[in-house]
Structure formats: C-alpha cells, structure tokens
Amino acid sequence: MEKDAYKGAVGVFDSGVGGISILRGLVRELPHEDFVFFGDSANAPYGEKTPEQVVDLSRSIVQDLLTAGCKAIVIACNTATSAAADELRAEFPEVPIVGVEPALKPAVLEHRHEHVLVMATPMTVRLQKFQRLLAEWGGEAQVDAVPCWGLATRIEQGNLDRPDVIELLRGLVGDYAGKVDGVVLGCTHYPYVAKQIRAVLGDVSFYDSATRAARQLHRR
Ligand code: DGL
781 MEKDAYKGAV GVFDSGVGGI SILRGLVREL PHEDFVFFGD SANAPYGEKT PEQVVDLSRS
841 IVQDLLTAGC KAIVIACNTA TSAAADELRA EFPEVPIVGV EPALKPAVLE HRHEHVLVMA
901 TPMTVRLQKF QRLLAEWGGE AQVDAVPCWG LATRIEQGNL DRPDVIELLR GLVGDYAGKV
961 DGVVLGCTHY PYVAKQIRAV LGDVSFYDSA TRAARQLHRR
C-alpha cells in the first residue's frame, strides 16, 4: 500500500469476506469515519493454520495499513484476534487495535440454563482466549463448541445456495438439530450462511461479533 494513501482511516482486516460482516456494523455505528478493508483471501483459511502463521500474516497486514496512514485497526476476525491481538498490541502500541470475540456472553445471558452452540474455526475453539471465555460464561448455560473445519473455505467460494453447503453444515452440526436454542457465530464468515444453519438446526437465535467491535472502537 502506498504511503499515506488512506491517511486517517480505520484499517479493517480479515482472512477474507468475513470481515465485511463486521465492516457493515462499523459503517452503521460510525458513519463519519473512513474505513479501508483488507481481506486476505489469498491466505484463507486462517483458522486451519498455525497461530504463528496467523501472527505473521496479521503483522504484515497491520504494517501495510499503518504505512498507508491508518489511525486505528480493527481485527475483523475471531481467529486472528485469538492468535495475534496481544502480539500486535505489543508491537504497535501507538495505535488502538480492536479485536472481536465470539458473542458467548450475550448468548448465555439470553439462554440461561438452555442449550447454546458455538460455531467457530478450529483455531478459535482451541486457543486460550476462547477457553477463558468459556470458563467465565459457560456455567450459565449448556454450551457446546464445534470447530467448523472447511466452513470458512466453503464460504469464501461463494454460491452459498448450492446444496453442498447444507450437506457440509449437516456433517458439522447436524447432531444438534432441534436441540439448541442459541447459536454463536464465532467466525465472521458464518453470518453469510445463517439461513442455511437455521435450515439444519431449526429455529435458533444467532449471536455474532459485529456490534461489540463498533462500540469498542467508538470508545477509543
Ligand atoms: N473470519 C475468520 C474468523 O472470524 C476466520 C476464517 C478463516 O478461517 O480464515 O475467525
């Protein structure tokens, strides 16, 4: 990116199209800000790499966005937040860096003693950040977390109305059909297949990461 090409903008990035679901919320909540979005589709999926690879990819994107003059960064990716937010904040202390996390808290607070399913990438489910969140809030409801292998990759490919998407979802979460009340969309790609998830699981309510990121950025 050219030096100062996006001076004063908020830089938003994800491994691909998922971050656009966060960007939409940012634009709605903060309409006076300028945003520049980078979707690293060439390197997706992040959730099936190693944390070290995701730190390296994220660092290089943040460096580019800062060279382009961005005044703040939003990591519009649960996986990159889990793997890299602490490192990025330590390396670039001069800019606010806002991340996202699976919306487990609002889900369990609305479904106390009911059944909540968390769908996220294998890396997000495995890393300490989510395990801590689970330890903090998991006692309020019956919570199951499913690592959704292949789902972000399939969403990157588009044509989401094709039957193979439902087949993939059946393989991942079909066992929970009719048994869950709330579903946490713990990857920013997943809101694009909310309709298909409902077709597999039944009438569930969804919780995604969009609203909180905008509020946090607003506070900084
Ligand atoms: N959109 C990213 C997230 O929120 C991950 C997708 C991927 O695996 O690349 O976790």
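Numbering-wise, my numbering comes out as the position in the sequence shown, counting from 1, plus 780. The beta-carbon is built from N, C-alpha and C at its ideal position, and this holds for glycine as well.
Between the options, which has its C-alpha nearest residue i's C-alpha?
i	options	result
L846	F818, A860, E832 and C857	F818
M899	S821, A785, V797 and G951	G951
V875	P971, Q843, D820 and D955	Q843
Q976	S989, L949 and S840	L949
Quick check on residue i: buried or exposed, where buried means 16 or more other Cβ atoms within 10 Å of its Cβ?
i	result
E881	buried
G982	exposed
K783	exposed
A937	Correcting the residue type first, residue 937 is Gln in the shown sequence and not Ala. Exposed: under 16 other Cβ atoms inside 10 Å.
With DSSP as the reference, identify every bridge partner of residue i, one or two as the case may be.
i	result
D924	L897
V888	Bridge partners of V888: none, in fact.
S985	G962
F815	V790
I935	Answer by DSSP bridge pairing: none, since I935 is not bridged.
The alpha helix (DSSP H) that contains residue i, what's its start and end?
i	result
A979	A974 to L981
L997	A990 to R999
G799	G798 to E809
S862	N858 to E871
A915	Q908 to W917
V842	P831 to T847
Between which two residues does the beta strand (DSSP E) harbouring residue i extend?
i	result
D794	V790 to D794
A852	A852 to I855
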